[in-house]
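The sequence shown runs 101 to 232 under my numbering. For each residue, glycine too, the CB sits at the ideal point set by N, CA and C.
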Amino acid sequence: MAWLQLAIDLWPILTLFISIVLGAVVLWLRSQFPTKADVSGLTDNVAVLTAKVEDVQETVGTLVTDQAAQNARLDQIEKDIETPPTRMELMQAIAQLSTKMSAAEERTESVDRQLRTTNDYLKILIDKGLRE
């Protein structure tokens, strides 16, 4: 019966100690789990980040298509550089050059004609000036 008397004497102390320990455990557990405000803030952040990720994915998609187009163009340029021109291509290039050269010759001839006319006018003015 001594142990029963000991339990009766220690009961208030044990209940106080157990309630303090249980309170500490509850507070520790409360700090381990997020609050409702934290969860709602995180869901808002997740929504914003999801939108940003979608924008980045769209940008990456356009970059991939642009890169594919650029690669195709580069392949065509490399192919054009590696293959020698055909006779027809050379003839066409020569024809284009000849038309450009004839146009340049016509322009120089017209400038030459204008300079000759100006020179003739100057000679006439000088002759008239010397006669008077």
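Name the two residues that bound the continuous alpha helix (DSSP H) containing residue i.
i: M191; result: R187 to R231
i: F117; result: A102 to Q132
Give the secondary structure of residue i by DSSP, where H, G and I count as helix, E and B as strand, and everything else as coil.
i: T150; result: helix
i: T159; result: helix
i: T143; result: helix
i: T165; result: helix
What does the alpha-carbon distance come out to for the pair residue i and residue j?
i: K228; j: R213; result: 23 Å
i: V146; j: Q167; result: 31 Å
i: I224; j: S202; result: 33 Å
i: T165; j: E182; result: 26 Å
i: V121; j: A137; result: 27 Å
i: M191; j: G161; result: 43 Å
i: T143; j: T150; result: 10 Å
i: R207; j: A195; result: 19 Å
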